[in-house]
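J.:
Number of protein chains: 4
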Amino acid sequence: MSSDAESLTPRKSPVQARAAATVEALHVATIQVLTREGLARCTTTRIAERAGMSVGSLYQYYPNRDALLAGVLERHLDGVAAAVDRACRGNHGKPVSGMVSGLVSAFLAVKLRNPEESKALYAVAAERGGAELAARMQARMMTAIATMLHSAPDAEFGDPALTAAMLLSAMIGPVRLLLEGFAPPEFEATLEQELVHLLTPYLQSHGRPGRRAAGDE
Amino acid sequence: MSSDAESLTPRKSPVQARAAATVEALHVATIQVLTREGLARCTTTRIAERAGMSVGSLYQYYPNRDALLAGVLERHLDGVAAAVDRACRGNHGKPVSGMVSGLVSAFLAVKLRNPEESKALYAVAAERGGAELAARMQARMMTAIATMLHSAPDAEFGDPALTAAMLLSAMIGPVRLLLEGFAPPEFEATLEQELVHLLTPYLQSHGRPGRRAAGDE
Amino acid sequence: MSSDAESLTPRKSPVQARAAATVEALHVATIQVLTREGLARCTTTRIAERAGMSVGSLYQYYPNRDALLAGVLERHLDGVAAAVDRACRGNHGKPVSGMVSGLVSAFLAVKLRNPEESKALYAVAAERGGAELAARMQARMMTAIATMLHSAPDAEFGDPALTAAMLLSAMIGPVRLLLEGFAPPEFEATLEQELVHLLTPYLQSHGRPGRRAAGDE
Amino acid sequence: MSSDAESLTPRKSPVQARAAATVEALHVATIQVLTREGLARCTTTRIAERAGMSVGSLYQYYPNRDALLAGVLERHLDGVAAAVDRACRGNHGKPVSGMVSGLVSAFLAVKLRNPEESKALYAVAAERGGAELAARMQARMMTAIATMLHSAPDAEFGDPALTAAMLLSAMIGPVRLLLEGFAPPEFEATLEQELVHLLTPYLQSHGRPGRRAAGDE
DNA sequence: CATGAATGAGTCTTCATTCAT
DNA sequence: GATGAATGAAGACTCATTCAT
Chain A
0 MSSDAESLTP RKSPVQARAA ATVEALHVAT IQVLTREGLA RCTTTRIAER
50 AGMSVGSLYQ YYPNRDALLA GVLERHLDGV AAAVDRACRG NHGKPVSGMV
100 SGLVSAFLAV KLRNPEESKA LYAVAAERGG AELAARMQAR MMTAIATMLH
150 SAPDAEFGDP ALTAAMLLSA MIGPVRLLLE GFAPPEFEAT LEQELVHLLT
200 PYLQSHGRPG RRAAGDE
Chain B
0 MSSDAESLTP RKSPVQARAA ATVEALHVAT IQVLTREGLA RCTTTRIAER
50 AGMSVGSLYQ YYPNRDALLA GVLERHLDGV AAAVDRACRG NHGKPVSGMV
100 SGLVSAFLAV KLRNPEESKA LYAVAAERGG AELAARMQAR MMTAIATMLH
150 SAPDAEFGDP ALTAAMLLSA MIGPVRLLLE GFAPPEFEAT LEQELVHLLT
200 PYLQSHGRPG RRAAGDE
Chain C
0 MSSDAESLTP RKSPVQARAA ATVEALHVAT IQVLTREGLA RCTTTRIAER
50 AGMSVGSLYQ YYPNRDALLA GVLERHLDGV AAAVDRACRG NHGKPVSGMV
100 SGLVSAFLAV KLRNPEESKA LYAVAAERGG AELAARMQAR MMTAIATMLH
150 SAPDAEFGDP ALTAAMLLSA MIGPVRLLLE GFAPPEFEAT LEQELVHLLT
200 PYLQSHGRPG RRAAGDE
Chain D
0 MSSDAESLTP RKSPVQARAA ATVEALHVAT IQVLTREGLA RCTTTRIAER
50 AGMSVGSLYQ YYPNRDALLA GVLERHLDGV AAAVDRACRG NHGKPVSGMV
100 SGLVSAFLAV KLRNPEESKA LYAVAAERGG AELAARMQAR MMTAIATMLH
150 SAPDAEFGDP ALTAAMLLSA MIGPVRLLLE GFAPPEFEAT LEQELVHLLT
200 PYLQSHGRPG RRAAGDE
């Protein structure tokens, strides 16, 4: 997708192109150091070294270590949120089952496209600054999901925001388990299917009046 | 386990009692510093100071900072796992719906008993050493859950381990969202109910042959 | 003088004594590094090294480099101000000529007691933080001088504060010239005498009504 | 000196003119950064930025930061010394009282023409390199003053160099107090008058044999 | 010649850990 | 056993200077 854009615009101005490349190199290097060394040993020196530049250059692009870490996390979460946004827009007005499979599929796709990255950033998201960032992005996704849910023809949600929050967080849990590498063998292969099985009935149960306990018809 | 020893020596030996109190003070202090300062600024000196002792004393009980952090995390996770274990044993042989509500209730109870603690430890669990610890505990809980599931009279699980993994991780996600403090207003009040609504149908759908799509009866 | 005090008080508590000794060592080392290397190369590492301790120890006593520098400067200026205070109190009510010679003598004595120190600190006093400190001390000295002047039986000062400011600053200038080491050969030997020659008539000219131009009687 | 060249080339060559303008811009910028940020934060980058050019250009005119700082200081001191020189030449052979008022007036004029500049450069003059420069300039001024003093018809100086040193440094002290901004309210308004009152009798007392104590006629 | 990104040595500062008292 | 001062390795960050464009 970005290859098309690039072929259309002959080339970014040298400065911009170089800057973008440098930032990209820093992000990649950060993920690598994070993965190989852990957050505590993810130092500016090591990042710069792995990125093939000097510390000074790193500081030309980010005012401090936290800003770099936040930048990497933000870009990641932004990609995830964008994918979720897209999926929500793409399934607007569809029946609940379509919404769920579309959402699950999109979410898994982004998160598993680069599992190392996703995994490495959990530590960053757990630190002081990262939590707020993650929260902002989750809020954005929850809003998008709530909007989509509202448009479902076959269900009516009393509190779409709450349902969206459940939906998203119930998806995040298993994905995290998988990414952290301690899930059972068959987990990855069936995750998408299982998530759909988990979430579809949950949403559908909101569609009928008299919903109280699950399976109480 | 240690109950035998305790029954023999009604009052703990002064030394043991003091040691236990010291360790307790350190754990409490660690959580507090973690909460107030964040993991990065959670230093041994600060912990000792808040615990009302000297750094030297801290090192009498833990060989190094990571061991202390791991100890605090372990104790927390151990409590959680024990509660889950208990719930699983308590619902052995019960119908699926009882299992779910018992498990959800127990899990929420431990995690929300001391929300500050639960929240503070996410950062510790995300660091190098913490992940393995968390994984071990999750494995333990998944095993307990799988065993319980296996005993369900009204459902048969093709891969109980996998189902247990889904069950646990789908519960962890929403709880974390709540603890991190960015959930919608009504989230806490309805979380238990929602989790039951989410998980019960999921498990029940495994109980009947021909299970394919959710709600395809 | 402080040796007497020490012989009277058997010994400061070990902690205090050690702390005082450490601070003393740091001050001495700072002056030395300042003298040998200049302010720009007066680094915490070098200071600690010359003081025979580790950087860490330095930071046990001062929160940062500037605080140390300020501390050294303050102690110096405090000594100077104290000497001036003492001289002012000691010459209270004396005729102007006694005031001048007492003040000049006291000021030269403190400033030249440890010329290296006095000289080294000019650079510190010229930096951002030092200026205010120096100003505070000068204000203190000017107040003391003004009070003394007010008590002179043989002169009446329209604006003692202003006269005190002139007196002090006109004394500081030549002393600085001497300390900076570029004064003519005979300068040091005659400085005290010259200062008295300079300042006495200046003050005396205020004592008579009709003072306008110098020597216009 | 360069007036010959100038008279030959009425308009400076573009290159020279541009160079002079650039140097001028750098000096002004340096003073500004010095004033706003202090010596420690007065970096080449910041200076160049404020001067509206790149660091590279700065290095076209000065081989390093210290040279630039020295250049700015030198130009300032050169202006001061030139003014003093001029005053000394202009009062050659005049009576002592004329010498004093001429000198004081000229000195105050240059120093207070641009007080920010004068003040900012105290820090530069206090650093390693600046002291020698300042000393050279003071020596130059003291020589000029001594020569002037020697020509006085109404006084004879035993050691004109020494008297010149006293004269100059006793003038510098109060001016510095004023510039550093911590002088009493009326200080600036009366400084010139006070300096004359201070210095005239001092010089006049050298003119008569038997000079011992001030005002002992 | 101007530019300004890149460099990396050198600072300040923190903090886990030790050990003499 | 407790204490907390001392240690010094290690990290974040700055900035004078260079040089390819």
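Protein chains in written order, with numbering that gives the first Met the number 0: chain A, 0 to 216; chain B, 0 to 216; chain C, 0 to 216; chain D, 0 to 216. Beta carbons: idealized from backbone N, C-alpha and C, even for Gly. Just so you know, these numbers come straight off a predicted model, no measurement behind them.
Can you look up E48 (chain D) in the DSSP assignment and give me helix, strand or coil?
T.: E48 (chain D) falls in the helix class under three-state DSSP.
J.: Is the closest heavy atom of the ligand ADP to the C-beta of R112 (chain D) under 7 Å?
T.: As for the ligand ADP, it is missing from this structure, which has no ligand bound.
J.: Roughly how many whole angstroms lie between the Cα atoms of Q15 (chain B) and A24 (chain B)?
T.: So the two alpha carbons sit approximately 14 Å from each other.
J.: Hey, quick one: how far does the alpha helix (DSSP H) through R40 (chain C) stretch, first residue to last?
T.: That residue, R40 (chain C), is in no alpha helix (DSSP H); it is neither H nor E in DSSP.
J.: Just list the alpha helix (DSSP H) runs in the stretch 137-199 of chain C, keeping only unbroken ones of 4 residues or longer that don't cross its boundaries, in chain order.
T.: Fully enclosed alpha helix (DSSP H) runs of 4 or longer: 159-178.
J.: Start and end of the alpha helix (DSSP H) containing E126 (chain B)?
T.: Where E126 (chain B) is concerned, there is no enclosing alpha helix (DSSP H), given that its DSSP letter is neither H nor E.
J.: Say whether the stretch 196-207 of chain C touches the stretch 151-170 of chain C, bearing in mind that this needs 3 or more beta-carbon pairs closer than 8 Å, one atom from each stretch.
T.: Yes: the two stretches touch, three or more of their Cβ pairs being nearer than 8 Å.
J.: Can you tell me which of B:L161, B:A143, B:A182 and B:H26 puts its alpha carbon nearest to the alpha carbon of R85 (chain B)?
T.: Among B:L161, B:A143, B:A182 and B:H26, the Cα nearest to that of R85 (chain B) belongs to B:A143.
J.: Determine, using beta carbons only, whether F181 (chain C) comes closer than 8 Å to chain D.
T.: So, interface residue.
J.: Measure the CB-CB distance between L132 (chain C) and A69 (chain C) and report whether it falls below 8 Å.
T.: Yes, the Cβ-Cβ distance between L132 (chain C) and A69 (chain C) is below 8 Å.
J.: Check distances from the C-beta atoms of the stretch 176-200 of chain A to those of chain B and list, in chain order, the residues that come in under 9 Å.
T.: Those would be L176, L177, E179, G180, F181, A182, P183, P184, E185, F186, T189, L190, E193, L194, V195, H196, L197, L198, T199 and P200, in chain order.
J.: Going by DSSP, what residue range makes up the alpha helix (DSSP H) through K110 (chain C)?
T.: Note, K110 (chain C): alpha helix (DSSP H), V95 to R112.
J.: Any beta carbon of chain B sitting closer than 8 Å to that of R88 (chain A)?
T.: Chain B, which has no Cβ nearer than 8 Å to the Cβ of R88 (chain A), makes this no.
J.: Does any C-beta atom of chain A lie closer than 8 Å to the C-beta of E126 (chain B)?
T.: Yes, its Cβ sits closer than 8 Å to a Cβ of chain A.
J.: Could you name the residues of the same chain whose beta carbon sits closer than 7 Å to that of A154 (chain C), not counting the 5 residues immediately before and after it, in chain order?
T.: Correct list, in chain order: V95, L202, Q203, H205 and G206.
J.: Identify each residue in the stretch 70-104 of chain C for which the Cβ-Cβ distance to at least one residue of chain D is less than 8 Å, and report them in chain order.
T.: From the stretch 70-104 of chain C, only S96 have a Cβ closer than 8 Å to chain D.
J.: By DSSP, does S53 (chain A) sit in helix, in strand, or in coil?
T.: If DSSP states are grouped into helix, strand and coil, S53 (chain A) belongs with coil.
J.: Please list, in chain order, all residues of the same chain as A122 (chain C) whose beta carbon is under 8 Å from its beta carbon, the five residues on each side excluded.
T.: Same-chain partners within the cutoff: L33, G37 and L38.
J.: From what residue to what residue does the alpha helix (DSSP H) around G70 (chain D) run?
T.: Element bounds for G70 (chain D): R64 to G89.
J.: I'd like the list of long-range same chain contacts for A163 (chain A), defined as Cβ closer than 7 Å, with 5 residues on each side in sequence excluded.
T.: Here the set comprises M141, I144, A145 and L148.
J.: Do F181 (chain A) and A138 (chain B) have their CB atoms nearer than 8 Å?
T.: Yes, the pair counts as a contact, with Cβ atoms nearer than the cut-off.
J.: With a Cβ-Cβ cutoff of 8 Å, do T43 (chain D) and V54 (chain D) count as a contact?
T.: Yes; because the gap between Cβ atoms is below 8 Å, this pair is in contact.
J.: Please return the same chain residues whose Cβ sits closer than 6 Å to the Cβ of I30 (chain C), not counting the five positions on each side in sequence.
T.: These residues qualify, in order along the chain: E116 and A119.
J.: Anyone know if the C-beta pair for V174 (chain A) and L107 (chain A) falls short of 8 Å?
T.: Closer than 8 Å, so yes.
J.: Just how far apart, CA to CA, sit E48 (chain D) and P159 (chain C)?
T.: About 47 Å.
J.: Taking only the alpha-carbon atoms, compute the straight-line gap between P62 (chain B) and L176 (chain D) and give it to the nearest angstrom.
T.: Answer to the nearest angstrom: the Cα atoms are 59 Å apart.
J.: Hey, how far is the Cα of R17 (chain A) from the Cα of G78 (chain A)?
T.: One C-alpha to the other measures close to 22 Å.
J.: Three-state secondary structure (DSSP) at S238 (chain D)?
T.: Residue 238 (chain D) is absent from the model: chain D starts at 0 and stops at 216.
J.: For R64 (chain B), which residues of its own chain have a beta-carbon under 7 Å away from its beta-carbon, when the five flanking residues on both sides are left out?
T.: Excluding residues within five positions, the ones whose Cβ falls inside 7 Å are T43.
J.: Does P173 (chain B) come within less than 8 Å of chain A when only Cβ atoms are used?
T.: With 8 Å as the cut-off, P173 (chain B) counts as an interface residue toward chain A.
J.: Alpha carbons only, please: which of C:G97, C:R74 and C:V109 is nearest the one belonging to G129 (chain C)?
T.: That would be C:R74, whose Cα lies nearest to the Cα of G129 (chain C).
J.: Using C-beta distances below 8 Å, list every residue in its chain close to P184 (chain A), excluding the 5 sequence neighbours before and after it, in chain order.
T.: Excluding residues within five positions, none has a Cβ falling inside 8 Å.
J.: Let me see if you follow: with CB-CB separation under 8 Å, is M147 (chain C) close to chain D or not?
T.: No, its Cβ sits nowhere closer than 8 Å to a Cβ of chain D.
J.: Three-state secondary structure (DSSP) at H265 (chain D)?
T.: The displayed coordinates of chain D run from 0 to 216. Any statement about residue 265 (chain D) would go beyond what the structure contains.
J.: Measure the C-alpha to C-alpha separation of A134 (chain C) and I46 (chain D) and round it to an integer number of angstroms.
T.: Straight-line Cα distance between these residues: approximately 28 Å.
J.: If distances are taken between C-alpha atoms only, which option among D:P114, D:A105 and D:A125 comes closest to Q192 (chain D)?
T.: Nearest of D:P114, D:A105 and D:A125 to Q192 (chain D), Cα basis: D:A105.
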